[in-house]
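Heads up: take any position in the sequence shown, counting from 1, add 29, and you land on the numbering used here. All C-beta atoms, glycine included, are put in the ideal place defined by N, C-alpha and C. Each remark here refers to the structure printed beneath this line.
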Amino acid sequence: MKAPLMRAVVCDRLSDPPGDPSVLKVEERPIPQPGPADVLIKVGAASVNFPDILMLSAGYQHKPELPFIPGMEGAGTVTAVGAGVTTWRTGDKLIFGVRPGAMAQYVRVAASGNLMRLPEGWSFAEGSAFRVGATTAYHSLIHRAQLKRGNVLLVHGASGGVGMAAVQLGRHLGARVIATGGDDARLAVVKANGADDVVNYRTADFVTIVKELTEGRGADVIYDPVGGEVLERSIRAAAYGARLLVVGFTSGGPSKIMSNHVLIKGLSILGVRAGETIRRHSPELGNDYVEELPRLAGLGVMRPHISHRFPMERAADAFRALIDRKVVGKAVIEMPT
30 MKAPLMRAVV CDRLSDPPGD PSVLKVEERP IPQPGPADVL IKVGAASVNF
80 PDILMLSAGY QHKPELPFIP GMEGAGTVTA VGAGVTTWRT GDKLIFGVRP
130 GAMAQYVRVA ASGNLMRLPE GWSFAEGSAF RVGATTAYHS LIHRAQLKRG
180 NVLLVHGASG GVGMAAVQLG RHLGARVIAT GGDDARLAVV KANGADDVVN
230 YRTADFVTIV KELTEGRGAD VIYDPVGGEV LERSIRAAAY GARLLVVGFT
280 SGGPSKIMSN HVLIKGLSIL GVRAGETIRR HSPELGNDYV EELPRLAGLG
330 VMRPHISHRF PMERAADAFR ALIDRKVVGK AVIEMPT
(Lines of atoms letter the chains of each structure in order from A and count residues from 1; the text may use other names and numbers.)
(Lines give C-alpha, C1' and ligand atoms only; values in the text may rest on other atoms or scores of the structure.)
Protein backbone atom coordinates (compact mmCIF):
# COMPACT_ATOMS: atom_id res chain seq x y z
CA MET A 1 0.00 0.00 0.00
CA LYS A 2 1.36 3.42 -0.94
CA ALA A 3 2.30 5.63 2.02
CA PRO A 4 0.11 8.73 2.49
CA LEU A 5 1.72 11.94 1.32
CA MET A 6 2.04 15.48 2.67
CA ARG A 7 3.25 18.75 1.20
CA ALA A 8 6.50 20.20 2.50
CA VAL A 9 8.99 22.98 1.83
CA VAL A 10 12.21 21.32 0.67
CA CYS A 11 15.82 22.43 0.19
CA ASP A 12 17.56 19.91 -2.11
CA ARG A 13 20.71 21.90 -2.94
CA LEU A 14 22.86 24.46 -1.17
CA SER A 15 22.21 28.08 -2.06
CA ASP A 16 24.70 30.15 -4.04
CA PRO A 17 24.95 32.99 -3.14
CA PRO A 18 24.67 31.99 0.54
CA GLY A 19 21.19 32.24 2.00
CA ASP A 20 19.41 32.60 -1.34
CA PRO A 21 15.91 31.16 -0.70
CA SER A 22 15.27 30.46 -4.40
CA VAL A 23 16.54 26.93 -3.66
CA LEU A 24 13.30 26.25 -1.76
CA LYS A 25 10.40 24.44 -3.40
CA VAL A 26 7.24 22.66 -2.31
CA GLU A 27 7.13 18.89 -2.85
CA GLU A 28 5.10 15.90 -1.79
CA ARG A 29 6.77 13.71 0.82
CA PRO A 30 5.63 10.65 2.80
CA ILE A 31 3.96 11.51 6.09
CA PRO A 32 6.40 10.42 8.84
CA GLN A 33 5.26 7.75 11.27
CA PRO A 34 5.85 8.18 15.01
CA GLY A 35 8.19 5.81 16.82
CA PRO A 36 7.42 4.47 20.32
CA ALA A 37 8.66 7.69 21.99
CA ASP A 38 7.36 10.17 19.38
CA VAL A 39 4.26 12.16 18.57
CA LEU A 40 3.01 13.05 15.09
CA ILE A 41 1.83 16.64 14.74
CA LYS A 42 -0.33 18.16 12.02
CA VAL A 43 1.43 21.49 11.63
CA GLY A 44 -0.63 24.67 11.69
CA ALA A 45 2.26 27.09 11.22
CA ALA A 46 6.05 27.33 11.28
CA SER A 47 8.17 30.44 11.71
CA VAL A 48 11.39 31.57 10.03
CA ASN A 49 14.53 32.13 12.10
CA PHE A 50 17.97 33.41 11.13
CA PRO A 51 19.54 29.92 11.45
CA ASP A 52 17.04 28.67 8.84
CA ILE A 53 18.64 31.08 6.36
CA LEU A 54 22.15 29.95 7.29
CA MET A 55 21.23 26.28 6.83
CA LEU A 56 20.39 26.88 3.17
CA SER A 57 24.13 27.28 2.51
CA ALA A 58 25.51 25.02 5.28
CA GLY A 59 26.47 28.14 7.22
CA TYR A 60 24.99 27.08 10.56
CA GLN A 61 26.57 24.90 13.26
CA HIS A 62 24.02 22.14 12.58
CA LYS A 63 24.21 21.06 8.93
CA PRO A 64 21.31 18.82 7.86
CA GLU A 65 21.89 16.40 5.01
CA LEU A 66 20.34 17.28 1.66
CA PRO A 67 17.49 17.19 0.90
CA PHE A 68 15.94 18.58 4.07
CA ILE A 69 12.77 20.31 5.24
CA PRO A 70 13.64 23.68 6.88
CA GLY A 71 12.16 25.10 10.05
CA MET A 72 13.24 24.96 13.69
CA GLU A 73 9.91 25.63 15.37
CA GLY A 74 6.19 25.38 14.79
CA ALA A 75 2.83 24.64 16.35
CA GLY A 76 0.02 22.24 15.58
CA THR A 77 -2.22 19.41 16.75
CA VAL A 78 -1.18 15.91 17.82
CA THR A 79 -2.67 13.32 15.45
CA ALA A 80 -0.87 10.18 16.69
CA VAL A 81 1.30 9.14 19.64
CA GLY A 82 3.87 6.38 20.03
CA ALA A 83 3.15 3.36 22.21
CA GLY A 84 5.46 4.60 24.96
CA VAL A 85 4.13 8.17 25.15
CA THR A 86 2.07 9.03 28.23
CA THR A 87 2.54 12.80 28.46
CA TRP A 88 0.59 13.79 25.34
CA ARG A 89 -2.49 12.55 23.55
CA THR A 90 -4.29 12.95 20.26
CA GLY A 91 -5.88 16.38 19.95
CA ASP A 92 -3.37 18.23 22.13
CA LYS A 93 -2.32 21.58 20.68
CA LEU A 94 1.44 21.96 21.06
CA ILE A 95 4.45 24.13 20.31
CA PHE A 96 7.38 22.07 19.05
CA GLY A 97 11.06 22.34 18.18
CA VAL A 98 12.98 20.27 15.61
CA ARG A 99 16.46 20.30 13.99
CA PRO A 100 14.98 21.06 11.32
CA GLY A 101 11.69 19.92 9.67
CA ALA A 102 8.90 22.26 10.79
CA MET A 103 7.87 23.56 7.35
CA ALA A 104 5.65 20.64 6.42
CA GLN A 105 2.06 19.57 6.91
CA TYR A 106 3.17 16.90 9.39
CA VAL A 107 6.21 16.48 11.63
CA ARG A 108 7.44 13.71 13.91
CA VAL A 109 8.80 15.00 17.23
CA ALA A 110 10.34 13.24 20.22
CA ALA A 111 7.86 13.47 23.09
CA SER A 112 10.45 14.51 25.69
CA GLY A 113 11.90 18.01 25.92
CA ASN A 114 10.88 19.36 22.51
CA LEU A 115 7.23 20.10 23.22
CA MET A 116 5.19 22.59 25.22
CA ARG A 117 1.48 23.21 25.38
CA LEU A 118 0.04 26.02 23.24
CA PRO A 119 -1.14 28.79 25.60
CA GLU A 120 -4.88 29.30 25.87
CA GLY A 121 -6.19 31.72 23.26
CA TRP A 122 -3.07 31.62 21.08
CA SER A 123 -3.14 30.91 17.36
CA PHE A 124 -0.84 28.33 15.77
CA ALA A 125 0.97 31.25 14.13
CA GLU A 126 1.75 32.79 17.53
CA GLY A 127 2.78 29.43 18.93
CA SER A 128 5.10 28.78 16.00
CA ALA A 129 6.90 32.08 16.66
CA PHE A 130 7.41 31.59 20.41
CA ARG A 131 9.84 28.81 21.27
CA VAL A 132 13.18 29.96 19.82
CA GLY A 133 12.91 33.59 20.94
CA ALA A 134 11.49 32.82 24.38
CA THR A 135 13.97 30.02 25.12
CA THR A 136 16.91 32.14 24.00
CA ALA A 137 15.80 35.12 26.09
CA TYR A 138 15.06 33.00 29.17
CA HIS A 139 18.36 31.10 29.00
CA SER A 140 20.27 34.33 28.38
CA LEU A 141 18.77 36.61 30.99
CA ILE A 142 18.01 34.14 33.78
CA HIS A 143 20.54 31.32 33.49
CA ARG A 144 23.51 33.08 31.90
CA ALA A 145 23.38 36.75 32.93
CA GLN A 146 21.28 36.35 36.11
CA LEU A 147 19.50 39.62 35.39
CA LYS A 148 18.31 41.35 38.56
CA ARG A 149 15.58 43.88 39.28
CA GLY A 150 16.98 47.36 38.78
CA ASN A 151 19.69 46.26 36.32
CA VAL A 152 20.04 48.16 33.06
CA LEU A 153 19.50 45.80 30.12
CA LEU A 154 20.66 46.88 26.65
CA VAL A 155 18.99 44.86 23.87
CA HIS A 156 20.34 45.06 20.32
CA GLY A 157 18.31 43.88 17.33
CA ALA A 158 15.28 44.51 19.48
CA SER A 159 12.71 44.45 16.65
CA GLY A 160 13.57 40.84 15.77
CA GLY A 161 11.91 37.83 17.36
CA VAL A 162 14.85 36.99 19.62
CA GLY A 163 15.37 40.63 20.61
CA MET A 164 11.72 41.39 21.30
CA ALA A 165 11.41 38.35 23.57
CA ALA A 166 14.34 39.70 25.61
CA VAL A 167 12.67 43.11 25.87
CA GLN A 168 9.45 41.55 27.15
CA LEU A 169 11.18 39.25 29.64
CA GLY A 170 13.59 41.95 30.81
CA ARG A 171 10.71 44.26 31.64
CA HIS A 172 8.98 41.46 33.57
CA LEU A 173 12.16 40.86 35.59
CA GLY A 174 12.25 44.50 36.64
CA ALA A 175 15.16 45.73 34.53
CA ARG A 176 15.36 49.10 32.83
CA VAL A 177 15.30 48.10 29.16
CA ILE A 178 17.13 50.15 26.52
CA ALA A 179 16.52 48.80 23.01
CA THR A 180 18.34 49.56 19.76
CA GLY A 181 17.37 49.18 16.13
CA GLY A 182 17.70 50.84 12.76
CA ASP A 183 14.16 52.06 12.04
CA ASP A 184 11.89 54.38 14.02
CA ALA A 185 8.66 52.60 13.05
CA ARG A 186 10.05 49.22 14.12
CA LEU A 187 11.33 50.72 17.36
CA ALA A 188 7.84 52.06 18.09
CA VAL A 189 6.64 48.45 18.14
CA VAL A 190 9.51 47.54 20.47
CA LYS A 191 8.58 50.34 22.85
CA ALA A 192 4.98 49.14 22.84
CA ASN A 193 6.31 45.71 23.83
CA GLY A 194 8.05 46.95 26.96
CA ALA A 195 11.22 48.94 26.22
CA ASP A 196 11.75 51.94 28.49
CA ASP A 197 13.98 53.71 25.98
CA VAL A 198 14.73 53.10 22.29
CA VAL A 199 17.72 54.22 20.23
CA ASN A 200 17.92 54.34 16.44
CA TYR A 201 21.58 53.52 15.83
CA ARG A 202 21.35 54.97 12.30
CA THR A 203 20.65 58.46 13.61
CA ALA A 204 22.26 58.39 17.07
CA ASP A 205 25.27 56.89 18.82
CA PHE A 206 23.90 54.19 21.11
CA VAL A 207 27.02 54.29 23.32
CA THR A 208 26.51 58.00 24.03
CA ILE A 209 22.77 57.56 24.65
CA VAL A 210 23.25 54.62 27.03
CA LYS A 211 25.84 56.58 28.99
CA GLU A 212 23.52 59.60 29.18
CA LEU A 213 20.54 57.51 30.30
CA THR A 214 22.59 55.81 33.03
CA GLU A 215 24.45 58.93 34.23
CA GLY A 216 27.71 57.61 32.82
CA ARG A 217 27.48 54.14 34.37
CA GLY A 218 26.53 51.99 31.38
CA ALA A 219 24.47 48.82 30.98
CA ASP A 220 24.68 45.89 33.41
CA VAL A 221 23.62 43.30 30.83
CA ILE A 222 24.01 43.57 27.05
CA TYR A 223 22.01 41.17 24.87
CA ASP A 224 23.41 41.02 21.36
CA PRO A 225 22.06 38.90 18.49
CA VAL A 226 23.67 41.24 15.93
CA GLY A 227 27.43 40.88 16.43
CA GLY A 228 30.06 42.58 14.29
CA GLU A 229 30.70 46.24 15.05
CA VAL A 230 27.66 46.41 17.33
CA LEU A 231 29.21 43.91 19.72
CA GLU A 232 32.62 45.58 19.54
CA ARG A 233 31.17 49.01 20.40
CA SER A 234 28.90 47.59 23.10
CA ILE A 235 31.89 47.17 25.39
CA ARG A 236 32.08 50.98 25.56
CA ALA A 237 28.44 51.06 26.70
CA ALA A 238 29.01 48.45 29.43
CA ALA A 239 29.10 49.16 33.14
CA TYR A 240 31.94 47.78 35.24
CA GLY A 241 31.30 44.06 35.79
CA ALA A 242 28.69 43.88 33.02
CA ARG A 243 27.61 40.61 31.42
CA LEU A 244 27.76 40.68 27.62
CA LEU A 245 25.58 38.01 25.99
CA VAL A 246 26.71 36.81 22.55
CA VAL A 247 23.41 35.57 21.12
CA GLY A 248 24.08 35.62 17.37
CA PHE A 249 25.63 37.39 14.41
CA THR A 250 22.89 38.61 12.10
CA SER A 251 25.28 41.32 10.89
CA GLY A 252 27.01 38.56 8.95
CA GLY A 253 30.37 38.14 10.62
CA PRO A 254 32.33 37.58 13.83
CA SER A 255 33.49 40.32 16.17
CA LYS A 256 36.91 41.37 17.42
CA ILE A 257 36.79 41.94 21.15
CA MET A 258 39.66 43.83 22.78
CA SER A 259 40.80 41.72 25.72
CA ASN A 260 42.26 44.73 27.53
CA HIS A 261 38.78 46.31 27.66
CA VAL A 262 37.36 43.08 29.05
CA LEU A 263 40.04 43.07 31.75
CA ILE A 264 39.84 46.75 32.69
CA LYS A 265 36.03 46.77 32.93
CA GLY A 266 35.78 43.35 34.60
CA LEU A 267 33.40 42.09 31.91
CA SER A 268 31.95 38.61 31.49
CA ILE A 269 31.52 37.53 27.85
CA LEU A 270 28.85 34.82 27.76
CA GLY A 271 28.00 32.67 24.76
CA VAL A 272 24.34 31.68 24.50
CA ARG A 273 23.30 28.28 23.11
CA ALA A 274 20.23 27.15 24.98
CA GLY A 275 19.60 23.94 23.05
CA GLU A 276 23.21 22.82 23.13
CA THR A 277 23.41 23.50 26.87
CA ILE A 278 20.45 21.18 27.40
CA ARG A 279 21.93 18.44 25.21
CA ARG A 280 25.52 18.59 26.47
CA HIS A 281 25.42 19.82 30.04
CA SER A 282 22.12 20.46 31.78
CA PRO A 283 19.21 18.35 30.48
CA GLU A 284 17.10 19.44 33.45
CA LEU A 285 16.91 22.92 31.94
CA GLY A 286 14.71 21.53 29.18
CA ASN A 287 12.03 20.68 31.73
CA ASP A 288 12.37 24.16 33.21
CA TYR A 289 11.67 25.75 29.82
CA VAL A 290 8.75 23.43 29.08
CA GLU A 291 7.08 24.39 32.37
CA GLU A 292 8.09 28.01 32.85
CA LEU A 293 7.77 29.47 29.34
CA PRO A 294 4.09 28.51 28.85
CA ARG A 295 3.41 29.85 32.36
CA LEU A 296 4.97 33.20 31.48
CA ALA A 297 3.08 33.22 28.19
CA GLY A 298 -0.17 32.57 30.04
CA LEU A 299 0.55 35.56 32.28
CA GLY A 300 1.05 37.75 29.22
CA VAL A 301 4.75 38.31 29.91
CA MET A 302 5.86 37.15 26.46
CA ARG A 303 3.78 37.00 23.30
CA PRO A 304 5.25 37.04 19.78
CA HIS A 305 4.64 39.93 17.43
CA ILE A 306 4.01 38.67 13.89
CA SER A 307 4.40 41.17 11.07
CA HIS A 308 4.34 38.81 8.07
CA ARG A 309 2.32 35.68 7.22
CA PHE A 310 2.82 33.57 4.11
CA PRO A 311 1.26 30.41 2.65
CA MET A 312 3.53 27.41 2.14
CA GLU A 313 3.86 28.13 -1.59
CA ARG A 314 5.49 31.49 -0.72
CA ALA A 315 8.03 30.13 1.75
CA ALA A 316 10.88 31.73 -0.19
CA ASP A 317 9.19 35.13 0.23
CA ALA A 318 9.05 34.57 4.00
CA PHE A 319 12.81 33.97 4.01
CA ARG A 320 13.38 37.06 1.84
CA ALA A 321 11.34 39.24 4.18
CA LEU A 322 13.67 38.28 7.03
CA ILE A 323 16.80 38.66 4.89
CA ASP A 324 15.67 42.12 3.72
CA ARG A 325 14.96 43.17 7.33
CA LYS A 326 11.29 43.84 6.65
CA VAL A 327 10.11 41.65 9.52
CA VAL A 328 9.17 43.09 12.90
CA GLY A 329 9.08 40.26 15.40
CA LYS A 330 8.54 37.13 13.33
CA ALA A 331 7.53 35.93 9.85
CA VAL A 332 5.31 32.86 9.79
CA ILE A 333 4.47 30.24 7.16
CA GLU A 334 0.92 28.91 7.56
CA MET A 335 0.36 25.34 6.41
CA PRO A 336 -2.54 24.22 4.23
CA THR A 337 -5.29 22.44 6.14
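The region 149-157 makes no contact with the region 170-188; the number of CB pairs closer than 8 angstroms stays below 3. In this structure, serine 284 keeps its C-beta atom at 8 angstroms or more from the C-beta atom of leucine 314.
When Arg137, Gly277, Phe278, Tyr252 are compared, the shortest CA-CA separation from alanine 266 is found for Tyr252. Between the alpha carbons of valine 301 and serine 311 lies a gap of roughly 14 angstroms. By the neighbour-count criterion, in which 16 or more other beta carbons inside 10 Å mark a residue as buried, lysine 355 falls on the exposed side. Phenylalanine 159 sits in coil when the DSSP states are folded into three classes, being neither helix nor strand. The beta carbon of phenylalanine 235 lies closer than 6 angstroms to those of Thr209, Val228 in the same chain, with the five residues before and after it left out.
In terms of CA proximity to valine 255, Ala187 leads the group Ala187, Asp249, Thr306. Within the region 115-173, the runs of beta strand (DSSP E) that reach at least 3 residues and sit entirely inside it are, in chain order, 122-126, 135-139, 144-146. Spanning the alpha carbons of isoleucine 82 and arginine 349 requires a straight line of approximately 9 angstroms.
The beta carbon of methionine 331 is closer than 7 angstroms to those of Ala163, Ala194, Gln197, Leu198, Leu325 in its chain, skipping five residues each way along the sequence.
Here DSSP, grouped into helix, strand and coil, assigns methionine 341 to helix. Within 10 angstroms of the beta-carbon of histidine 185 lie 16 or more other beta-carbons, which makes it buried. Its chain contains Ala37, Val39 as the residues whose beta carbon lies nearer than 7 angstroms to that of glutamate 56, once the 5 sequence neighbours on both sides are disregarded; these appear in chain order.
By the criterion of a C-beta distance shorter than 7 angstroms, glycine 130 is surrounded in its chain by Ile98, Gly100, Val136, once the five residues flanking it on both sides are discounted. Straight-line spacing of the CA atoms in arginine 215 and alanine 158 works out to 18 angstroms. According to the DSSP assignment, aspartate 67 belongs to the beta strand (DSSP E) that extends over 67-77.
With at least 16 other beta carbons inside 10 angstroms of its own, histidine 334 counts as buried.
In the DSSP assignment, threonine 366 is bridged to no other residue. It is roughly 14 angstroms from the alpha-carbon of lysine 92 to the alpha-carbon of proline 47. When the alpha-carbon of isoleucine 298 is set against those of Gly304, Ser288, Thr306, the nearest one is in Ser288.
In this structure the region 59-72 lies against the region 107-122, because at least three pairs of beta carbons, one per stretch, are closer than 8 angstroms. For lysine 240, the uninterrupted alpha helix (DSSP H) segment begins and ends at 235-242.
For alanine 204, there is no enclosing beta strand (DSSP E), as DSSP gives it neither H nor E. For the pair aspartate 41 and isoleucine 362, the Cα-to-Cα distance works out to about 19 angstroms.
When the alpha-carbon of valine 107 is set against those of Pro365, Val138, Gln90, Glu94, the nearest one is in Val138. Secondary structure note for tyrosine 318: its alpha helix (DSSP H) is the uninterrupted segment 313-327.
Contact between glycine 257 and glycine 281 holds, with the beta-carbon distance rounding to 7 angstroms and staying under 8 angstroms.
Alanine 104 is not a Cβ neighbour of alanine 140, given a cutoff of 8 angstroms.
Counting only runs of 4+ residues, the alpha helix (DSSP H) found wholly inside the region 243-281 occupies 257-263, in chain order. Beta-bridge partners assigned by DSSP to serine 297: Arg272.
Straight-line spacing of the CA atoms in leucine 144 and isoleucine 124 works out to 6 angstroms.
As far as DSSP is concerned, leucine 83 takes part in no beta bridge. Counting along the chain, no beta strand (DSSP E) covers alanine 214; the unbroken alpha helix (DSSP H) around it starts and ends at 213-221. Here threonine 165 is buried: its Cβ has 16 or more other Cβ atoms, across all protein chains shown, within 10 Å.
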